[in-house]
Structures are given as C-alpha cells and as structure tokens.
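Once you know that position 207 of the sequence shown is 206 in numbering that gives the first Met the number 0, the rest is easy, because the numbers rise by one and skip nothing. See below for the structure under consideration.
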Amino acid sequence: MFAEELISNQIPSLNPEQTVQVALDRLNEFKLKHLAVVNSGMFLGLLMEEDLLEAADHSAKVIDIPSTLINAFVLNSAHTYDVIRLMSQMKLTAVPVLDQQRKYLGVISINDVIDAVGVQFAVTETGGIIVLEIGNRDNSLAHIAQIVEADNAQVLSSSVNAFADTTRLELTLKVNKTDITGLIASLERYNYQVKEVYNNIKIDDGSQERFDSFMTYLNV
C-alpha cells in the first residue's frame with residue numbers, strides 16, 4: 000500500500016494567512032498535534048500545536064507568529080512502512096504527502112495509518128492467529144504456507160519479529176479458519192514450535208493487544 004492511497008480527504012491544510020485560533024480549532028477537531036501549512040499548492044511545513052499555544056494573540060495570522068515549521072513529508076510513491084517510520088522517528092500525528100514535483104497532495108493522519116495496518120494484517124477478518132518461534136534459518140514462509148493450505152486454510156497475513164541477541168524469530172500468522180486444531184498439529188509434526196494460539200470467532204482475537212503494542216511503538 001502506498002502513501003497516496005492513505006491520504007485523508009477529511010483534513011484540510013492550513014493557509015498561512017489564517018489565524019492561530021482557526022488552526023487550534025482544526026487541531027482540536029481532528030485530534031491532531033500537527034497541521035500542514037500550504038500556500039498556492041506548495042507545502043511550507045508542518046506547524047506544531049505547541050507553537051500555536053505559545054502565541055500571545057490567537058487572532059494573529061499563522062504567518063506572523065514565531066514558529067518552527069517542520070520539513071517532514073513523504074512522496075506519494077512511499078510505502079506505508081515509510082509513513083510509519085517517519086511518524087515514529089519524529090513523533091508526528093500527521094504526515095504530508097507530496098507529488099514528484101513537491102506539490103502538496105494531502106495528509107495522512109495517525110488514524111489513517113492504524114486503519115491501513117488493520118487492513119494489511121486482516122485485523123477485522125474472522126480467523127485464527129498462530130504465533131510460532133523458529134530459527135532464522137527455518138524461516139521458510141513457502142513451506143509454512145504449504146502446511147496451512149494442506150489444512151484447507153489460507154494465510155491472511157503474517158509478520159516477523161526478531162529477538163535481540165539471538166537467532167530466534169517470532170512468526171505471527173493470521174489464517175482464515177477458527178478451528179485450527181488440525182493445523183497446529185500439522186505444524187508441530189514438522190517441528191515448528193507453537194508459542195501462542197488465538198482462535199476466537201469475534202474480533203477480540205488479540206488484535207486490540209497488537210494495536211496497543213503498535214501505538215506504544217509509535218509512542219504518540
């Protein structure tokens with residue numbers, strides 16, 4: 000999924016001639032701490048909430064207050080991971096998207112990213128979650144997918160987490176079956192270590208915990 004697919008049509012940019020109060024109201028409306036400042040289609044930078052709050056006169060124009068515009072953005076061809084990385088590194092609640100000519104296309108909010116991650120990891124799809132611990136040389140997704148398909152199931156999503164100071168990996172699979180007893184037995188027969196299993200038919204299949212971890216990772 001690319002950045003241009005995540006652009007929010009709900010959040011307008013800020014013109015430098017608009018007032019501090021307008022900017023604060025907009026931040027409050029969309030629950031953000033950053034707004035894109037745009038003039039004649041060109042991106043000027045991200046304005047921070049703290050700069051607005053420090054302004055003595057809220058009727059003053061944005062262009063007239065002391066502020067440090069953040070030159071942070073992604074191009075429309077950037078991957079979702081690039082958006083997440085920029086948000087995490089710079090503690091942003093919104094990321095502007097520019098085209099190849101550096102013209103402003105729109106903004107991606109942190110909620111847009113969460114929605115995209117939800118789709119990417121099939122969070123709302125009914126199914127089972129299996130967490131495997133494997134060696135980094137045993138990380139054959141093709142072989143694991145064959146085992147899953149042999150049990151008349153499909154892999155909806157997968158993710159890998161590397162442990163520090165070890166050659167072990169944690170592989171999380173989301174499959175399109177809730178009855179995964181046979182699948183677990185098949186994986187264990189091939190000497191895969193099954194650490195955790197979630198097979199609730201409701202959406203409380205561990206997705207909320209993963210979203211909480213994601214929000215902690217972003218630390219926004």
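In this text, a Cβ means the ideal position worked out from N, Cα and C, and glycines have one as well.
Member of the options whose CA lies at the smallest distance from the CA of residue i
i: residue 71; options: 62, 81, 65, 134; result: 81
i: residue 21; options: 169, 60, 104, 151; result: 60
i: residue 162; options: 133, 36, 148, 152; result: 133
i: residue 159; options: 176, 165, 171; result: 171
i: residue 95; options: 8, 174, 193; result: 8
i: residue 173; options: 180, 153, 101; result: 153
i: residue 226; options: 86, 63, 191, 30; result: Because residue 226 is not part of the residues shown, which for the chain are 0 to 219, the question remains open.
i: residue 31; options: 115, 185, 48; result: 48
i: residue 69; options: 19, 50, 179; result: 50
i: residue 35; options: 54, 106, 116, 144; result: 106
i: residue 10; options: 25, 143, 18, 1; result: 25
i: residue 179; options: 98, 146, 166, 190; result: 146
i: residue 62; options: 76, 78, 77, 43; result: 43
i: residue 115; options: 78, 29, 37; result: 78
i: residue 0; options: 165, 76, 188; result: 76
i: residue 2; options: 99, 148, 52; result: 99
i: residue 143; options: 84, 55, 189; result: 189
i: residue 135; options: 113, 164, 168; result: 168
i: residue 39; options: 15, 166, 90; result: 15
i: residue 55; options: 33, 18, 84; result: 18
i: residue 101; options: 33, 183, 37, 57; result: 37
Whole-number beta carbon distance between residue j and residue i, since they are thought to touch under 8 angstroms
i: residue 108; j: residue 92; result: 7 angstroms
i: residue 111; j: residue 5; result: 5 angstroms
i: residue 66; j: residue 120; result: Not quite, the Cβ-Cβ distance comes to about 37 angstroms (not below 8 angstroms), so this is no contact.
i: residue 185; j: residue 103; result: So it is not a contact: roughly 51 angstroms between Cβ atoms.
i: residue 181; j: residue 150; result: 5 angstroms
i: residue 131; j: residue 191; result: 5 angstroms
Under the three-state DSSP convention, the category residue i falls into
i: residue 127; result: strand
i: residue 219; result: Its pLDDT being 47, under 50, residue 219 is placed unreliably by the model, and nothing is read from it.
i: residue 79; result: helix
i: residue 190; result: coil
i: residue 19; result: helix
i: residue 24; result: helix
i: residue 136; result: coil
i: residue 85; result: helix
i: residue 118; result: helix
i: residue 69; result: strand
i: residue 202; result: With a pLDDT of only 44 at residue 202, under 50, the local geometry of the prediction cannot be trusted, and the value read off the model is given with reservation. Three-state DSSP puts residue 202 in coil, outside helix and strand.
N- and C-terminal bounds of the alpha helix (DSSP H) containing residue i
i: residue 103; result: Here residue 103 belongs to no alpha helix (DSSP H); instead the beta strand (DSSP E) covers 103-108.
i: residue 53; result: Premise fails: residue 53 is in no alpha helix (DSSP H) and is neither H nor E.
Limits of the beta strand (DSSP E) - the one that residue i falls within
i: residue 33; result: 33-38
i: residue 2; result: Per DSSP, residue 2 belongs to no beta strand (DSSP E) and is neither H nor E.
i: residue 159; result: 154-161
i: residue 42; result: 41-47
i: residue 95; result: 93-97
i: residue 171; result: 167-174
Please confirm if the stretch 116-131 is in contact with the stretch 186-198, defined as three or more CB-CB distances below 8 angstroms between the two stretches.
The answer is yes - the stretch 186-198 touches the stretch 116-131, with three or more Cβ pairs under 8 angstroms.
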